[in-house]
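Numbering (our numbering) for the sequence shown: 50 to 445.
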Amino acid sequence: MANRVFVVGVGMTKFEKPGSREWDYPDMAREAGTKALEDAGIDYAAIEQAYVGYVYGESTSGQRAVYELGLTGIPIVNVNNNCSTGSTALYLAAQAVKSGQADCALALGFEKMQKGSLGSTFDDREQPMMRHLLALAELQEFAMPPAPYMFGAAGKEHMERYGTTAEQFAKIGVKNHKHSMNNPYAQFQDPYTLDEVLDSKRIYGPLTKLQCSPTSDGSGAAVLASEAFVDKHGLAGQAVEIVGQAMVTDLASTFADRSAISLVGADMTRTAAAKVYEQAGITAEDVDVIELHDCFSANELLTYEALGLCPEGDGGKLVDNDETTYGGRWVVNPSGGLISKGHPLGATGLAQCSELTWQLRGTADKRQVDGARVALQHNIGLGGAVVITAYKPAER
Numbered sequence: 050m051a052n053r054v055f056v057v058g059v060g061m062t063k064f065e066k067p068g069s070r071e072w073d074y075p076d077m078a079r080e081a082g083t084k085a086l087e088d089a090g091i092d093y094a095a096i097e098q099a100y101v102g103y104v105y106g107e108s109t110s111g112q113r114a115v116y117e118l119g120l121t122g123i124p125i126v127n128v129n130n131n132c133s134t135g136s137t138a139l140y141l142a143a144q145a146v147k148s149g150q151a152d153c154a155l156a157l158g159f160e161k162m163q164k165g166s167l168g169s170t171f172d173d174r175e176q177p178m179m180r181h182l183l184a185l186a187e188l189q190e191f192a193m194p195p196a197p198y199m200f201g202a203a204g205k206e207h208m209e210r211y212g213t214t215a216e217q218f219a220k221i222g223v224k225n226h227k228h229s230m231n232n233p234y235a236q237f238q239d240p241y242t243l244d245e246v247l248d249s250k251r252i253y254g255p256l257t258k259l260q261c262s263p264t265s266d267g268s269g270a271a272v273l274a275s276e277a278f279v280d281k282h283g284l285a286g287q288a289v290e291i292v293g294q295a296m297v298t299d300l301a302s303t304f305a306d307r308s309a310i311s312l313v314g315a316d317m318t319r320t321a322a323a324k325v326y327e328q329a330g331i332t333a334e335d336v337d338v339i340e341l342h343d344c345f346s347a348n349e350l351l352t353y354e355a356l357g358l359c360p361e362g363d364g365g366k367l368v369d370n371d372e373t374t375y376g377g378r379w380v381v382n383p384s385g386g387l388i389s390k391g392h393p394l395g396a397t398g399l400a401q402c403s404e405l406t407w408q409l410r411g412t413a414d415k416r417q418v419d420g421a422r423v424a425l426q427h428n429i430g431l432g433g434a435v436v437i438t439a440y441k442p443a444e445r
């Protein structure tokens, strides 16, 4: 029988513009990891395994990062899964606890990024996104840089199919920038009007600069534990249970659909969400607060539909009816999301976990969602993988 898995400690750094702060990835990892351990009230010696995520860095950077917390000889696994790297580390740590291989595991993610749009590191071999890009180029004229091209193309397709408007996408940017005003960890904390979002630099399709996530430096961490560990250390009062979790990679439909929306992962999200809802015994209607992967505003709207918050094609209606902010049916990205909180690739999934843990504990300060009892996390990386996790407070 699988063990129950609980988040007992979380921590993160403030997300920063690359180069704006004098620190390196070991400093980031030490700060986030120490906060998570202190939050759990345990010493590093209690950690039996660690899974460390980063996208840009040399091999065994995970060991170097965790060595800031201690040197105990435990297994440390380096994880790289594009933008879903942090939640992949979380998934692996949860698997270790669920299977009984560890009673206490650490998931940690960090990123030290270059300024500007994402680029490739190795140019003497095929890029992992090449198949996706070639498939998309058959549907819409190719543009650079690749990431906003792909998500912008999906947004254009949604507009053509369902009549979604540029204003509806822009309203997501307005919402997330407004949410980030109350998040001290966010890279940006300034609000913008709808006109300011619409009038900012055009990137591709409906996307403008204020609807795109920035490159960021930062780190996040989570301590995961078994029920026996929670009981032994008296952590039930702060523990948050992972009640459902699934990772899904690209499906045949990703390419067979000949759709930009499928190429950016909508089917992966839909499939993973169905698995998680079944595991957790919930539906989308039971969820109170969501942290989802708004690398671009277009993806947030597409994800509303893939998660089952509304029928396909109705994402724009959710936006217009303010159903995804405070006072609506769900609060989506109370942290400000990737658009405003920032997106250090390896840390994003663990920052989402931190935010939702605080929300379910009722300790999210001015961002607190009243009465939050069920939380959902969505983290996607093209090429591709999506990880979705459902959380509830531990039974008391």
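A virtual CB, placed ideally from N, CA and C, is assigned to each residue, including glycine.
- Valine 325 and valine 292 have their C-alpha atoms spaced approximately 8 Å apart.
- For the pair serine 346 and glycine 222, the CB atoms are nearer than the 8 Å cut-off.
- Annotation for serine 268: the continuous beta strand (DSSP E) segment containing it runs 267 to 275.
- Listed in chain order, the non-local C-beta contacts of glycine 201 below 6 Å within the same chain comprise Tyr253, Gly254 and Leu256, local neighbours out to five positions each way being set aside.
- Between glutamine 408 and alanine 421, the C-beta spacing is below 8 Å.
- Contact annotation: the segment 86 to 105 touches the segment 141 to 160, with at least three C-beta pairs closer than 8 Å.
- Taking 4 residues as the shortest admissible run, the segment 180 to 253 contains the following complete alpha helix (DSSP H) segments, listed from N- to C-terminal end: 195 to 211, 215 to 229 and 243 to 248.
- Membership of glycine 135 in the alpha helix (DSSP H) is indicated by the continuous run 134 to 147.
- Glutamate 190 counts as exposed, since fewer than 16 other C-beta atoms from the protein chains shown sit within 10 angstroms of its C-beta.
- Leucine 188 is a Cβ neighbour of arginine 307, given a cutoff of 8 Å.
- When only Cα atoms are considered, alanine 142 and arginine 53 end up about 13 Å apart.
- Comparing alpha-carbon positions, the option among Val115, Val57 and Lys63 lying closest to histidine 392 turns out to be Lys63.
- Within a 10 Å sphere around the beta-carbon of lysine 281 sit fewer than 16 other beta-carbons, which makes this residue exposed.
- The residues Asp371, in chain order, have a CB closer than 6 Å to that of glycine 377 in the same chain once the five nearest residues on each side in sequence are set aside.
- Sequence-distant partners of glutamate 361 (beyond 5 residues in either direction) whose C-beta falls short of 6 Å from its own C-beta, in its chain, are Glu354.
- Relative to leucine 394, the option among Arg79, Asn131 and Ala94 whose CA is nearest is Asn131.
- Counting only runs that start and end inside the segment 338 to 404, the alpha helix (DSSP H) elements of at least 4 residues fall at 346 to 355, 364 to 369 and 386 to 390.
- Under the Cβ criterion (8 Å, minimum of three pairs), the segment 423 to 438 counts as touching the segment 134 to 153.
- By the Cβ criterion, the segment 411 to 418 is not in contact with the segment 294 to 302, since fewer than three pairs of Cβ atoms, one from each stretch, lie closer than 8 Å.
- In the DSSP secondary-structure assignment, glutamine 112 is not bridged to any residue.
- Here methionine 77 carries a helix assignment [DSSP, helix/strand/coil].
- For isoleucine 291, the enclosing beta strand (DSSP E) begins and ends at 289 to 298.
- Around the CB of serine 275, 16 or more other CB atoms lie within 10 Å, so the residue is classed as buried.
- Three or more Cβ pairs drawn from the segment 66 to 79 and the segment 256 to 273 lie within less than 8 Å of each other, which places the two stretches in contact.
- Residues Thr374 of the same chain have their beta carbon placed closer than 6 Å to that of lysine 224, with the five preceding and five following residues left out of the count.
- Per DSSP, the beta-bridge partners of threonine 438 are Gln294 and Gln426.
- With contacts defined by Cβ atoms closer than 8 Å, tyrosine 140 and glycine 106 do not form a contacting pair.
- Our two residues, glycine 283 and tyrosine 234, have alpha carbons roughly 28 Å apart in a direct line.
- In the structure shown, threonine 83 falls within a helical segment according to DSSP collapsed to helix, strand and coil.
- Taking proline 197 as the centre and dropping the five residues before and after it, the same chain places the C-beta of Ile252, Tyr253, Leu256, Cys261 and Phe345 closer than 7 Å to its C-beta, in chain order.
- When the beta-carbon positions are compared, glutamine 236 and lysine 84 stay at least 8 Å from each other.
- Looking at the backbone, the Cα of phenylalanine 55 and that of alanine 288 are separated by about 6 Å.
- Sequence-distant Cβ neighbours of isoleucine 123 in its own chain, meaning closer than 8 Å and more than five residues away, are Ile96, Glu97, Gln98 and Ala99.
- Separation of lysine 227 and glutamate 160 (C-alpha to C-alpha, rounded to the nearest whole angstrom) is 25 Å.
- Residue pairing of phenylalanine 55 in beta bridges, as defined by DSSP: Ala274 and Glu290.
- In the three-state DSSP reduction, tyrosine 100 falls in the strand class (E or B).
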